[in-house]
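Visitor:
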Amino acid sequence: MNRIALITGATSGIGRATAVTMAQNNFDVIITGRRKELLEDLEKEIKSKSSGKVHILHFDVRNKDEVEKAIDSLPQDWQNIDVLVNNAGLAVGLNHIHEGIIDDWERMIDTNVKGLLYVTRKVAPRMIEKKHGHIINIGSTAGKEAYEKGNVYCGTKHAVDAITKGMRIDMLKHKIKVTAINPGMVETEFSLVRFKGDKEKADVYKGFTPLYGKDIADAILYVVTRPEHVCINDMIITATAQANSIYKVTD
Ligand code: NDP
Ligand code: 8X3
Numbered sequence: 005m006n007r008i009a010l011i012t013g014a015t016s017g018i019g020r021a022t023a024v025t026m027a028q029n030n031f032d033v034i035i036t037g038r039r040k041e042l043l044e045d046l047e048k049e050i051k052s053k054s055s056g057k058v059h060i061l062h063f064d065v066r067n068k069d070e071v072e073k074a075i076d077s078l079p080q081d082w083q084n085i086d087v088l089v090n091n092a093g094l095a096v097g098l099n100h101i102h103e104g105i106i107d108d109w110e111r112m113i114d115t116n117v118k119g120l121l122y123v124t125r126k127v128a129p130r131m132i133e134k135k136h137g138h139i140i141n142i143g144s145t146a147g148k149e150a151y152e153k154g155n156v157y158c159g160t161k162h163a164v165d166a167i168t169k170g171m172r173i174d175m176l177k178h179k180i181k182v183t184a185i186n187p188g189m190v191e192t193e194f195s196l197v198r199f200k201g202d203k204e205k206a207d208v209y210k211g212f213t214p215l216y217g218k219d220i221a222d223a224i225l226y227v228v229t230r231p232e233h234v235c236i237n238d239m240i241i242t243a244t245a246q247a248n249s250i251y252k253v254t255d
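Taking the working numbering, I'd label the letters of the sequence shown as residues 5 to 255.
(1) Could you pull the start and end residues of the beta strand (DSSP E) that residue 62 belongs to?
(2) The ligand 8X3 heavy atoms versus the CB of residue 188: any closer than 7 angstroms?
(3) Please work out which residues of its chain come closer than 6 angstroms, Cβ to Cβ, to residue 95, disregarding the five sequence neighbours upstream and downstream, and give them in chain order.
(4) Tell me whether residue 91 counts as near the ligand NDP, meaning its Cβ is closer than 7 angstroms to at least one heavy atom of that ligand.
(5) Can you tell which of 161, 223, 231, 213 has the C-alpha that lies nearest to the C-alpha of residue 254?
(6) With residue 62 and residue 40 assumed to form a contact (beta carbons below 8 angstroms), what rounded beta-carbon distance in angstroms separates them?
(7) Tell me whether residue 144 counts as near the ligand 8X3, meaning its Cβ is closer than 7 angstroms to at least one heavy atom of that ligand.
(8) Can residue 14 be considered in contact with the ligand NDP, in the sense that its beta carbon sits closer than 7 angstroms to one or more heavy atoms?
(9) Pick out whichever of 227, 200, 244 has its Cα sitting closest to the Cα of residue 105.
(10) In terms of residue numbering, what span does the alpha helix (DSSP H) encompassing residue 164 cover?
(11) Would you call the stretch 68-81 in contact with the stretch 113-132, where contact means no fewer than 3 C-beta pairs closer than 8 angstroms?
(12) Is it right to say residue 220 is buried, meaning 16 or more other beta carbons lie within 10 angstroms of its own, or is it exposed?
(13) Per DSSP, what kind of secondary structure is residue 148 in: helix, strand or coil?
(14) Three-state secondary structure (DSSP) at residue 192?
(15) Within the same chain, show all residues whose beta-carbon is closer than 8 angstroms to that of residue 141, passing over the 5 residues directly before and after it, in chain order.
Written out as structure tokens, the structure reads:
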């Protein structure tokens, strides 16, 4: 029987690649995000490529009521979530702290930190009841060191790092695994969102081969297919051209 994975932020990038990869590898997937039409496209693609079942939940992770209603709406046979991938997230803006835009800060904090918490708060109690489950939090190399103008984004990802460590301790006696996956630069919609649709500024992947969503999806698949007694706690994955968020070589 397939296991069930709920993936937040499945309309694009890492989350989308993860949904496809997991569905091709014995998972039924609950795909979530705000852009409903993209979730419907993804459902079609998954069904054409695999035998994994798909269920769509359409919500904004920043809205606590929407999160609760969406997860409460799951039909009985979708309720036993084995794997939660807390992936939805974003960077908005790249400014020195004294020039930062407060609305950008709030979007990042509300999505990357509070959204992750709201979803986890709804899903984790069900895992505890079953004494089984695995939570994957998508952090970042930006959660391991701060870089110039990255202040608040780096802060949210450092928070994900700390929350993941705390979660793992709290979940220990319930036999629930908690893993952080911390990617470096992955070519997705991430930069377009960060630079608010400015394609020129968003072209930060010139002169080197970045990571792609599938690279991170493969790592997630590896992590969730380890034997019961093995938990990968923390993984940092960068492009070969990167040492961390700060050091990168170009051709
Ligand atoms: P994308 O922009 O391609 O995807 C982001 C996903 O998050 C989309 O599916 C988007 O869906 C979803 N999302 C954003 N805000 C919300 C919200 N309020 N409610 C629900 N879903 C939301 O970027 P990535 O795939 O690159 O990013 C995925 C994660 O990986 C993020 O947490 C990011 O911080 C992290 N990361 C990315 C790196 C990179 O270089 N790309 C490196 C390290 C970490 P929709 O807009 O439809 O709601
Ligand atoms: C995304 C990677 O280095 O742009 O989290 O912050 S970075």
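Backbone N, C-alpha and C fix where the C-beta goes; we use that ideal spot for every residue, glycine too.
Guide: So, from the data block:
(1) 58-62
(2) yes
(3) 157, 198
(4) yes
(5) 213
(6) 5 angstroms
(7) yes
(8) yes
(9) 200
(10) Residue 164 -> alpha helix (DSSP H) spans 155-175.
(11) yes
(12) Buried, by the Cβ-count rule.
(13) coil
(14) coil
(15) 90, 120, 164, 167, 168, 171, 182, 183, 184, 185
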